[in-house]
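> One structure coming up, written as C-alpha cells, with questions to follow.
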Amino acid sequence: MSTSPRVPSEPHGIDSDAMDWLVRRHGGGFDARDEAALQAWLAADAEHPRAYARQQAEWTALERLPADGIALLRANLRSDLAAEAKAASRSRAARPEQPARRRFWVPAFSAAAVAVVAGAGGLMAWQQWQAQPVFAQSFGTPRGQQLDVRLPDDSQMRLDTATRVAVTYYRQRREVRLSEGQVVFHVHGDSARPFDVLAGPLRITVVGTRFSVRHTPGLPGDEGVRVAMEEGRVRVQRVDAATPDGGAFYLGAGQQSGSDAAGVPVPVAPVSTAGIAPWRDNRVSFDNTRLDQVLAELARYGDTGLVVRDPAVAALRVTGTFNPIRPDSFATVLPQAAPVRLRAIGGGREIVPAK
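In this text, residue positions in the sequence shown follow our numbering: the first is 935, and each later residue adds one.
In C-alpha cells:
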C-alpha cells in the first residue's frame, strides 16, 4: 500500500506526466491519497485532463496487442536502455571539435518504460513508441575540412568538404539524409535494421557494406546523385517509388551508378577502388570534364582565386588528378596543359585564351 501521495518525478512535459500517473494508477498500490493527488493534478490545468484522456486511449489500444507484440516491446525497451547508456558514454568521450548538435532519445514516458520492462503492466502507445528516434544528430563540414564520425552502432562516416547530413536511428531502421556534399559510409551489419541513405531523389538501402554517396544539388552540371561501391551490395531506388520494388536496382563491389537531379537512373558502370572517393586522400580526379565544372568542384574545398568568363574557355576539357586544398598547383599546371593563360584581375586571376 502506498504510504504517501507522490507526484511524478522528473517531468518531461504534460503528456509524460499524464502517462506517469496512468502507469501508477494501473500498477497496483494506488490508494485514496494517490487518487486525491491525481485529481488535484487534473484540476490544476485545463490541459491536464485532455492529456490524461489521450494517454488513456493509447493505453486501451495497447491492451489489444497480441502477446508477441508485448514481448517485442519489452525486449526492445531493454535494448534501448542499453544503447542509450552506450551512446551517452560515447557522447561524453567525443572530441570537442565534433559538431555538437546531438539528441539522444530519452523515453518520453520513462515510468511506463520501466513498468513494461519490470512486468508491472504499464504499456506505452505502440505506434508512438515505434516512431520515436533512439538517436538523432546532424553533422556538417565547412569548406576545406573533412570529418570522421563513428555512430552508436559502430557504423562510420567520413564527410568531405561542404557536406551536411542528418542521422536518425529508429528501432527498426537507420536513416541518413545527405543534403549536400559527399560521404563514405562503412555500415555495421544489422539485418534487423536496414541502413538507408536519402540523397536527392534516391534512397540507397544497405545491411552492411562500404560505399560512397555524392549529392551536390548546387553544382551546375553535377546536380544528381552518385553511388560508388567498395564492398558489399546496396539497393538503389527513388524515394517516391510507387511500390516497394518500383524501379529498384542493385549495385555490387566495383560498380557505380546514381541518377540525375530528377531521379532518372544513370547506367551502371565499373569503378576501381582507387576511383572511389579519392578526396579521402586529398585528391580529386577529372575525366574530360568542362573547365568551369572543374573550377566549381575545386571551389567546394576553398577559394581558388580563378574565374572564367569566356564561354569557349569554360568549355575546354580537363583530365587529371589534383590536390583540392592546393588550388595553386592547378593554376600552375593549367596553362601548360591547355591553350590558356592567367590574367591578373581585382582579387584574383582570370583564365583567358592563350592568344
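Every residue gets a Cβ at the ideal spot worked out from N, C-alpha and C, and that includes glycine.
This structure is a prediction, so every number in the text was calculated from the model and none was measured.
1) Please identify the residue among G1281, L976, E1165 whose C-alpha is closest to the C-alpha of L1185.
2) Please report the straight-line C-alpha distance between L1250 and E1114, rounded to a whole angstrom.
3) When you compare the CB positions of V1110 and R1092, do they come within less than 9 Å of one another, or not?
4) So, for A1162: in the same chain, excluding its five sequence neighbours on each side, which residues have a beta-carbon less than 6 Å away from its beta-carbon?
5) Between V1170 and F1183, how many whole angstroms is the CB-CB distance? I'm expecting something under 8 Å.
6) List in chain order: all unbroken beta strand (DSSP E) runs of 3+ residues lying wholly within the stretch 1203–1227.
7) In whole angstroms, what separates the C-alpha of R1243 from that of F1073?
8) Would the beta-carbon of P1269 fall within 9 Å of that of L1240?
9) Using C-beta distances below 7 Å, list every residue in its chain close to S1193, excluding the 5 sequence neighbours before and after it, in chain order.
10) Hey, how far is the Cα of H960 from the Cα of Q1066?
11) How many whole angstroms separate the CB atoms of A991 and I948, which I take to be in contact at a CB cut-off of 8 Å?
12) Between the beta-carbon of H1291 and the beta-carbon of D1082, is there less than 9 Å?
13) Round the Cβ separation of G1236 and I1259 to the nearest angstrom and send it over; I've been treating them as touching at under 8 Å.
14) Measuring straight from C-alpha to C-alpha, what distance separates D1221 and R1077?
15) For F964, name the three-state secondary structure that DSSP assigns.
16) What are the start and end residues of the beta strand (DSSP E) that includes R1089?
17) Enumerate in chain order the residues of its own chain whose CB-to-CB distance from R1283 is below 8 Å, with the five nearest sequence positions on each side excluded.
18) At which residues does the beta strand (DSSP E) containing P1287 begin and terminate?
19) When you compare only the Cα positions, how much space is there between A952 and A971?
20) In three-state terms, what does DSSP make of Y986?
21) Need the endpoints of the alpha helix (DSSP H) that M1247 sits in, please.
22) Is the beta carbon of Q1116 less than 9 Å from the beta carbon of R1148?
23) Rounded to a whole number of angstroms, what is the C-alpha to C-alpha distance between S1125 and G1197?
24) Determine the DSSP secondary structure at A1265, reduced to helix, strand or coil.
25) With respect to the beta strand (DSSP E) encompassing D1156, which residues constitute its N-terminal and C-terminal limits?
26) So the beta strand (DSSP E) V1252 belongs to, where does it begin and stop?
27) Return the CA-CA distance between E969 and R958, expressed in angstroms with no decimal places.
28) Suppose you measure from the CA of D1130 to the CA of T1139; what does that come to, to the nearest Å?
29) G1254 to S1219, Cα distance in whole Å?
30) To the nearest angstrom, report how far apart A1046 and G963 are at their CA atoms.
31) For R1107, I'd like the list of residues in its chain whose CB is within less than 7 Å of its CB, leaving aside the five on either flank, ordered along the chain.
32) Within 10 Å of its beta-carbon, does S950 have 16 or more other beta-carbons around it, so buried, or fewer, so exposed?
33) Assuming the contact rule is C-beta atoms closer than 8 Å, Q1071 and V1101 should be a hit. Round their C-beta distance to whole Å, please.
34) Shortest alpha-carbon distance to R1217 belongs to which of D1156, T1223, F1256?
On the basis of the supplied data:
1) By 1-based counting over the sequence shown, the position of residue 1185 is 251. Closest option to L1185, judged by alpha-carbon separation, among G1281, L976, E1165: E1165.
2) Counting from 1 along the sequence shown, the entry for residue 1250 is found at position 316. Counting from 1 along the sequence shown, the entry for residue 1114 is found at position 180. Between L1250 and E1114, the alpha-carbon positions lie close to 27 Å from each other.
3) Position 176 of the sequence shown, counting from 1, holds the residue named residue 1110. Position 158 of the sequence shown, counting from 1, holds the residue named residue 1092. In this structure, R1092 does not lie closer than 9 Å to V1110 by Cβ.
4) As a first step, residue 1162 must be located in the sequence shown, where it is residue number 228. Here the set comprises S1146, Q1190, V1205, I1210.
5) Along the sequence shown, one-based indexing puts residue 1170 at 236. Along the sequence shown, one-based indexing puts residue 1183 at 249. Contact holds; Cβ gap of about 6 Å.
6) Complete beta strand (DSSP E) runs here, min 3: 1218–1224.
7) Taking the sequence shown and counting its residues from 1, the one referred to as residue 1243 is at position 309. Taking the sequence shown and counting its residues from 1, the one referred to as residue 1073 is at position 139. Cα to Cα, R1243 sits roughly 35 Å from F1073.
8) Residue mapping note: residue 1269 aligns to position 335 of the sequence shown, counting from 1. Residue mapping note: residue 1240 aligns to position 306 of the sequence shown, counting from 1. Going by C-beta atoms, P1269 is not nearer than 9 Å to L1240.
9) As a first step, residue 1193 is located in the sequence shown; it is residue number 259 there, counting from the start. Same-chain partners within the cutoff: P1135, L1136, G1158, V1159, P1199, V1200.
10) On the sequence shown, position 26 is the one that residue 960 refers to. On the sequence shown, position 132 is the one that residue 1066 refers to. For H960 and Q1066, the distance between alpha carbons rounds to 24 Å.
11) Your numbering for residue 991 matches position 57 in the sequence shown. Your numbering for residue 948 matches position 14 in the sequence shown. A991 to I948, Cβ: 15 Å. No contact.
12) Here the chain covers residues 935 to 1289 and nothing more, so residue 1291 does not appear.
13) As a working mapping, residue 1236 is identified with position 302 in the sequence shown. As a working mapping, residue 1259 is identified with position 325 in the sequence shown. The distance from the Cβ of G1236 to that of I1259 is about 6 Å, consistent with a contact at the 8 Å cut-off.
14) Reading the sequence shown from its first residue, position 287 is the one you call residue 1221. Reading the sequence shown from its first residue, position 143 is the one you call residue 1077. Near 23 Å, if we compare the C-alpha coordinates of R1077 and D1221.
15) Taking the first residue of the sequence shown as 1, we reach residue 964 at position 30. Coil at F964, not helix or strand.
16) Taking the sequence shown and counting its residues from 1, the one referred to as residue 1089 is at position 155. The question names Arg, yet the displayed sequence has Ser at residue 1089. Note, S1089: premise wrong, no beta strand (DSSP E); not H, not E.
17) Residue 1283 sits at position 349 when you count from the first residue of the sequence shown. Closer than 8 Å at Cβ, skipping near neighbours: G1239, L1240, V1241, A1265, L1276, R1277.
18) Looking up residue 1287 in the sequence shown gives position 353. Start and end: 1282–1287.
19) Numbered from its first residue, the sequence shown carries residue 952 at position 18. Numbered from its first residue, the sequence shown carries residue 971 at position 37. Going by the C-alpha atoms only, they are around 13 Å apart.
20) Working through the sequence shown from its first residue, we reach residue 986 at position 52. Correct three-state label for Y986: helix.
21) Locating residue 1247 in the sequence shown gives position 313, counting from the first residue. Per the sequence shown, the amino acid found at residue 1247 is Val instead of Met. Membership of V1247 in the alpha helix (DSSP H) is indicated by the continuous run 1245–1248.
22) One-based indexing of the sequence shown puts residue 1116 at position 182. One-based indexing of the sequence shown puts residue 1148 at position 214. Cβ atoms of Q1116 and R1148: closer than 9 Å.
23) As a first step, residue 1125 is located in the sequence shown; it is residue number 191 there, counting from the start. As a first step, residue 1197 is located in the sequence shown; it is residue number 263 there, counting from the start. Roughly 27 Å between the two C-alpha positions.
24) Here residue 1265 corresponds to residue number 331 of the sequence shown, with the count starting at 1. It is helical.
25) Indexing the sequence shown from 1 puts residue 1156 at position 222. Counting along the chain, D1156 falls outside any beta strand (DSSP E), and DSSP gives it neither H nor E.
26) Residue mapping note: residue 1252 aligns to position 318 of the sequence shown, counting from 1. Where V1252 is concerned, the enclosing beta strand (DSSP E) stretches over 1251–1256.
27) Position 35 of the sequence shown, counted from the first residue, corresponds to residue 969. Position 24 of the sequence shown, counted from the first residue, corresponds to residue 958. Approximately 10 Å between the Cα atoms of the pair.
28) Position 196 of the sequence shown, counting from 1, holds the residue named residue 1130. Position 205 of the sequence shown, counting from 1, holds the residue named residue 1139. Whole-angstrom Cα-Cα distance: 4 Å.
29) As a first step, residue 1254 is located in the sequence shown; it is residue number 320 there, counting from the start. As a first step, residue 1219 is located in the sequence shown; it is residue number 285 there, counting from the start. Rounded to whole angstroms, G1254 to S1219 spans 6 Å at the Cα level.
30) As a working mapping, residue 1046 is identified with position 112 in the sequence shown. As a working mapping, residue 963 is identified with position 29 in the sequence shown. Residue placement at A1046 is flagged as unreliable, the pLDDT there being 46, under the threshold of 50; the coordinate-derived value follows with that caveat. Distance between the alpha carbons of A1046 and G963 is about 16 Å.
31) Position 173 of the sequence shown, counted from the first residue, corresponds to residue 1107. The residues are R1127, P1128, D1130.
32) Along the sequence shown, read from residue 1 onward, the residue named residue 950 stands at position 16. Counting Cβ neighbours within 10 Å, S950 comes out buried, since at least 16 surround it.
33) Counting from 1 along the sequence shown, the entry for residue 1071 is found at position 137. Counting from 1 along the sequence shown, the entry for residue 1101 is found at position 167. Right, the Cβ-Cβ distance comes to about 5 Å (below 8 Å), so this counts as a contact.
34) Your numbering for residue 1217 matches position 283 in the sequence shown. If we check each option's Cα against that of R1217, F1256 comes out closest.
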